[in-house]
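Asker: Sharing a structure here in structure tokens format.
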Amino acid sequence: MAKTASRTASRTASRTASKTASKTASKKTAKKTARKPTRKRKPDPVEEAVVEVAEAAPDAQAVEENAPVTPAAPSDTEQLDEELQAKYEKVKKGELHITDLQKMTVAELHSLAKAEGLIEYTGLKKQELVFQILRARINKDGLMYGEGVLEILPDGFGFLRSPDYDYLPSPDDIYVSPSQIRRFGLKQGTIIAGQIRPPKESERYFALLRVEAVNYETPDRLAETITFEDLTPYHPERRIFLETTPEEINMRVVNLVTPIGFGQRMLIVAPPRTGKTVLLQKIANAVSANHPDAYVIILLIDERPEEVTEMRRETTAEVISSTFDEPASRHIQIAEMVIEKAKRMVEFKKDVVILLDSITRLGRAYNAEMPHSGRIMTGGVDANALQKPKRFFGAARKIEEGGSLTIIGTALIETGSKMDEVIFEEFKGTGNSELHLDRRLVDRRVWPAIDISRARERKSCCSPARS
Numbered sequence: 001m002a003k004t005a006s007r008t009a010s011r012t013a014s015r016t017a018s019k020t021a022s023k024t025a026s027k028k029t030a031k032k033t034a035r036k037p038t039r040k041r042k043p044d045p046v047e048e049a050v051v052e053v054a055e056a057a058p059d060a061q062a063v064e065e066n067a068p069v070t071p072a073a074p075s076d077t078e079q080l081d082e083e084l085q086a087k088y089e090k091v092k093k094g095e096l097h098i099t100d101l102q103k104m105t106v107a108e109l110h111s112l113a114k115a116e117g118l119i120e121y122t123g124l125k126k127q128e129l130v131f132q133i134l135r136a137r138i139n140k141d142g143l144m145y146g147e148g149v150l151e152i153l154p155d156g157f158g159f160l161r162s163p164d165y166d167y168l169p170s171p172d173d174i175y176v177s178p179s180q181i182r183r184f185g186l187k188q189g190t191i192i193a194g195q196i197r198p199p200k201e202s203e204r205y206f207a208l209l210r211v212e213a214v215n216y217e218t219p220d221r222l223a224e225t226i227t228f229e230d231l232t233p234y235h236p237e238r239r240i241f242l243e244t245t246p247e248e249i250n251m252r253v254v255n256l257v258t259p260i261g262f263g264q265r266m267l268i269v270a271p272p273r274t275g276k277t278v279l280l281q282k283i284a285n286a287v288s289a290n291h292p293d294a295y296v297i298i299l300l301i302d303e304r305p306e307e308v309t310e311m312r313r314e315t316t317a318e319v320i321s322s323t324f325d326e327p328a329s330r331h332i333q334i335a336e337m338v339i340e341k342a343k344r345m346v347e348f349k350k351d352v353v354i355l356l357d358s359i360t361r362l363g364r365a366y367n368a369e370m371p372h373s374g375r376i377m378t379g380g381v382d383a384n385a386l387q388k389p390k391r392f393f394g395a396a397r398k399i400e401e402g403g404s405l406t407i408i409g410t411a412l413i414e415t416g417s418k419m420d421e422v423i424f425e426e427f428k429g430t431g432n433s434e435l436h437l438d439r440r441l442v443d444r445r446v447w448p449a450i451d452i453s454r455a456r457e458r459k460s461c462c463s464p465a466r467s
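At position 125 of the sequence shown (counting the first as 1) the number is 125 in the UniProt record's numbering, and the numbers step up by one without a gap.
Shown next, in the form of structure tokens:
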């Protein structure tokens, strides 16, 4: 028993001693391990960099406070929007404008196409050449600025036609969707300008993306306008002064014999080769010189091509023409575009002057295109054929709310055609001023060949009460 007790005591003592020794050794090892990195530790460069960034952060914040407009780190979307806005500002300044291309000659367009890097442009028409240059520029710059006069088709959509092409359909016309027409309340003849995009794979025309201006003003003005038919017409009150230089005798005679006012509906009755076209040309130059705010449009119907070229070179007005080799439907189309454009401008309180040569040929065109009613008058004129020409001529008026539409048209007589005589008789009482040219004065080489005794005017705008 004594031996067993001694063995147990020795085992217990050895176990206790081993545990105590192991604990002491672990404590010493932990102390050495804790002291060892403290003695050999060096400055960490990462921690110093963090400290430097933390110290620089207040400076960056101060810079942001001084310049809050420039963001420190713009996102990709914001940077893209800034680039598009910069391009759009460049477009609005006129550096990329479709009308500049439309006014160029074919030779100038060829040089531009060569500079743009286009190939296979030889043999293209002017409209097709402009279309290719426009597509190349839009693909390069991303944006383009277009302008034109709206023509609404029966299907509900429309196109922006160019006056440089006499409102003819062309490949570079701009498509306007029906939703845009309904949203802004656009009408035929409205001058629209805005951002356009190139045609997609299945499309043929450029498309209008955003309406920026309507009749050279903001689109908000459309809500303030009154329809042309609802405006109040009145007699002309403001006079159009036609005298320019002392050497210009023709306009001095017209100014004395038949004074013209804003809103006049004037008829120049003339036999062939009496100088009516030259007289219209001088009237256009006089109005542009004395009344620069008035918008002058010269409408040539069934005219000779050389006369059209001369009119465009000798005047600064907008010249719209259709030559005698074009169908009657073409004469009607440009006449309706011109009168609708003039009405839209008058709704914006503008003064518009239309010089029409001639109203007789316009009546012939309507007589050829109108469906026959079965009632034929003398000379083969249908009874309903002159209704729309009268509506065209009757649109001239002075507006009490502001603005005016003046129409000066020529009527042919002594042509040997009974139809021309009937058309003149139908329009004879519609105007409020008449100016007659005499063949006998032309034979004597007297210019202008104005028959003073036959000049007529209603409610003269140059009377003391209306001057």
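C-beta atoms are modelled at their ideal positions from N, C-alpha and C, and glycine is treated no differently.
Nothing here was measured: the structure is a model prediction, and the numbers come from that model.
Which one of Gly148, Ile249, Asp155 has the shortest CA to CA distance from tryptophan 447?
Answerer: Within the sequence shown, residue 447 is the residue found at index 447, counting from 1. Checked all of Gly148, Ile249, Asp155; the closest Cα to tryptophan 447 is Ile249.
Asker: Specify the secondary structure class of serine 177 as computed by DSSP and reduced to three states.
Answerer: On the sequence shown, position 177 is the one that residue 177 refers to. If DSSP states are grouped into helix, strand and coil, serine 177 belongs with coil.
Asker: Going by beta-carbon coordinates alone, are phenylalanine 262 and lysine 418 separated by less than 9 Å?
Answerer: Taking the sequence shown and counting its residues from 1, one reaches residue 262 at position 262. Taking the sequence shown and counting its residues from 1, one reaches residue 418 at position 418. Cβ atoms of phenylalanine 262 and lysine 418: not closer than 9 Å.
Asker: Is the beta carbon of glutamine 188 less than 9 Å from the beta carbon of glutamate 336?
Answerer: The residue you call residue 188 lines up with position 188 of the sequence shown. The residue you call residue 336 lines up with position 336 of the sequence shown. Result yes, Cβ atoms of glutamine 188 and glutamate 336 sit closer than 9 Å.
Asker: Which one or two residues does DSSP pair with tyrosine 234 in a beta bridge?
Answerer: One-based indexing of the sequence shown puts residue 234 at position 234. DSSP lists Lys398 as partners of tyrosine 234.
Asker: Name the residue from Ala284, Pro198, Lys349 whose alpha carbon lies nearest to the alpha carbon of proline 292.
Answerer: As a working mapping, residue 292 is identified with position 292 in the sequence shown. The candidate whose alpha carbon is nearest that of proline 292 is Ala284.
Asker: May I ask you to report which of helix, strand or coil DSSP gives leucine 362?
Answerer: Start at 1 with the first residue of the sequence shown, and residue 362 comes out as number 362. DSSP places leucine 362 in helix when its eight states are reduced to three.
Asker: For the putative contact between alanine 294 and valine 353, defined by C-beta atoms under 8 Å, what is the C-beta separation to the nearest angstrom?
Answerer: Reading the sequence shown from its first residue, position 294 is the one you call residue 294. Reading the sequence shown from its first residue, position 353 is the one you call residue 353. With 8 Å as the limit, alanine 294 and valine 353 qualify as a contact, their Cβ atoms being about 6 Å apart.
Asker: Applying the criterion that 16 or more other CB atoms from any shown protein chain within 10 Å of the CB defines a buried residue, is aspartate 100 buried or exposed?
Answerer: The residue labelled residue 100 in the question sits at position 100 within the sequence shown. With fewer than 16 other Cβ atoms within 10 Å, it is exposed.
Asker: Within 10 angstroms of the Cβ of glycine 146, are there 16 or more other Cβ atoms? Answer buried if so, exposed if not.
Answerer: The sequence position of residue 146 within the sequence shown is 146, counting from 1. That one is buried.
Asker: Would you check if the distance between the CB atom of threonine 258 and the CB atom of methionine 266 is smaller than 9 Å?
Answerer: Locating residue 258 in the sequence shown gives position 258, counting from the first residue. Locating residue 266 in the sequence shown gives position 266, counting from the first residue. Result yes, Cβ atoms of threonine 258 and methionine 266 sit closer than 9 Å.
Asker: Closest by CA to glutamate 457, which one among Lys428, Ser329, Ser170, Ile423?
Answerer: Taking the sequence shown and counting its residues from 1, one reaches residue 457 at position 457. Among Lys428, Ser329, Ser170, Ile423, the Cα nearest to that of glutamate 457 belongs to Lys428.
Asker: Which residues in the same chain have their Cβ closer than 7 Å to the Cβ of alanine 317, if we skip the five residues on either side of it in sequence?
Answerer: Residue 317 sits at position 317 when you count from the first residue of the sequence shown. Excluding sequence neighbours, alanine 317 sits near Ala284, Ser288, Val296, Ile297, Ile298.
Asker: Compute every distance between the C-beta of lysine 126 and the non-hydrogen atoms of the ligand MN, then say whether any falls below 8 Å.
Answerer: Looking for the ligand MN in the displayed structure turns up nothing, as the structure carries no ligands at all.
Asker: What runs of the beta strand (DSSP E), each 3 residues or longer, lie entirely inside the stretch 323-396?
Answerer: Taking only runs of at least 3 residues, the beta strand (DSSP E) segments lying wholly in the stretch 323-396 are 351-357.
Asker: Let me confirm a value: threonine 415 is counted as buried when at least 16 other C-beta atoms fall within 10 Å, else exposed. Which label applies?
Answerer: Residue mapping note: residue 415 aligns to position 415 of the sequence shown, counting from 1. Classification of threonine 415: exposed, given that the 10 Å Cβ count is below 16.
Asker: Secondary structure at histidine 436, three-state DSSP: helix, strand or coil?
Answerer: Sequence index remark: in the sequence shown, residue 436 carries index 436 (1-based). Histidine 436: strand per DSSP, three-state reduction.
Asker: In this structure, what does DSSP give as the bridge partners for tyrosine 295?
Answerer: Indexing the sequence shown from 1 puts residue 295 at position 295. In the DSSP output, where bridge partners are listed per residue, tyrosine 295 has Val352.
Asker: Which residue from Glu224, Ala365, Glu314 puts its Cα closest to that of lysine 349?
Answerer: Stepping through the sequence shown from its first residue, residue 349 is reached at position 349. Answer by Cα proximity: Glu224.
Asker: Please report how far the alpha carbon of glutamine 195 lies from the alpha carbon of arginine 135, in whole angstroms.
Answerer: By one-based count along the sequence shown, residue 195 stands at place 195. By one-based count along the sequence shown, residue 135 stands at place 135. So the two alpha carbons sit approximately 14 Å from each other.
Asker: If you draw a straight line from the C-alpha of glutamine 127 to the C-alpha of proline 171, how long is it?
Answerer: Position 127 of the sequence shown, counting from 1, holds the residue named residue 127. Position 171 of the sequence shown, counting from 1, holds the residue named residue 171. Rounded to the nearest angstrom, the two C-alpha atoms are 6 Å apart.
Asker: Taking 7 Å as the limit between beta carbons, can you name the residues of its chain near arginine 454, skipping five residues before and five after?
Answerer: By one-based count along the sequence shown, residue 454 stands at place 454. Here the set comprises His436.
Asker: Assuming tyrosine 167 and isoleucine 339 are in contact, meaning their beta carbons sit under 8 Å apart, how far apart are those beta carbons, in whole angstroms?
Answerer: As a position in the sequence shown, residue 167 is number 167, starting the count at 1. As a position in the sequence shown, residue 339 is number 339, starting the count at 1. Contact flag wrong, Cβ pair sits at about 12 Å.
Asker: Over the uninterrupted beta strand (DSSP E) stretch that includes serine 411, give me the two end residues.
Answerer: Numbered from 1 along the sequence shown, position 411 holds the residue referred to as residue 411. Rather than serine, the amino acid found at residue 411 in this sequence is alanine. Note, alanine 411: beta strand (DSSP E), 404-412.
Asker: Rounded to the nearest angstrom, what separates phenylalanine 159 and isoleucine 192 at their Cα positions?
Answerer: Counting from 1 along the sequence shown, the entry for residue 159 is found at position 159. Counting from 1 along the sequence shown, the entry for residue 192 is found at position 192. Each residue's Cα considered, the two are about 10 Å apart.
Asker: List the DSSP bridge partners of glycine 158.
Answerer: Position 158 of the sequence shown, counted from the first residue, corresponds to residue 158. According to DSSP, glycine 158 bridges with Ile152, Val176.
Asker: Any idea what DSSP makes of valine 319, helix, strand or coil?
Answerer: By 1-based counting over the sequence shown, the position of residue 319 is 319. It is a strand residue.
Asker: CA-CA distance, serine 404 and valine 308?
Answerer: Taking the sequence shown and counting its residues from 1, one reaches residue 404 at position 404. Taking the sequence shown and counting its residues from 1, one reaches residue 308 at position 308. In a straight line, the C-alpha of serine 404 is about 26 Å away from that of valine 308.
Asker: Can you find the residues in the same chain that come closer than 7 Å, C-beta to C-beta, to arginine 312, ignoring five residues on each side of it along the sequence?
Answerer: As a first step, residue 312 is located in the sequence shown; it is residue number 312 there, counting from the start. Answer for arginine 312: Val319, listed in chain order.
Asker: Which residue marks the beginning of the beta strand (DSSP E) containing alanine 197, and which one marks its end?
Answerer: Locating residue 197 in the sequence shown gives position 197, counting from the first residue. Residue identity differs from the one stated: residue 197 is arginine in this sequence, not alanine. Element bounds for arginine 197: 191-197.
Asker: State the DSSP-derived secondary structure class of aspartate 166, mapped to helix, strand or coil.
Answerer: Your numbering for residue 166 matches position 166 in the sequence shown. In the structure shown, aspartate 166 sits in coil (DSSP, three-state: anything other than H, G, I, E or B).
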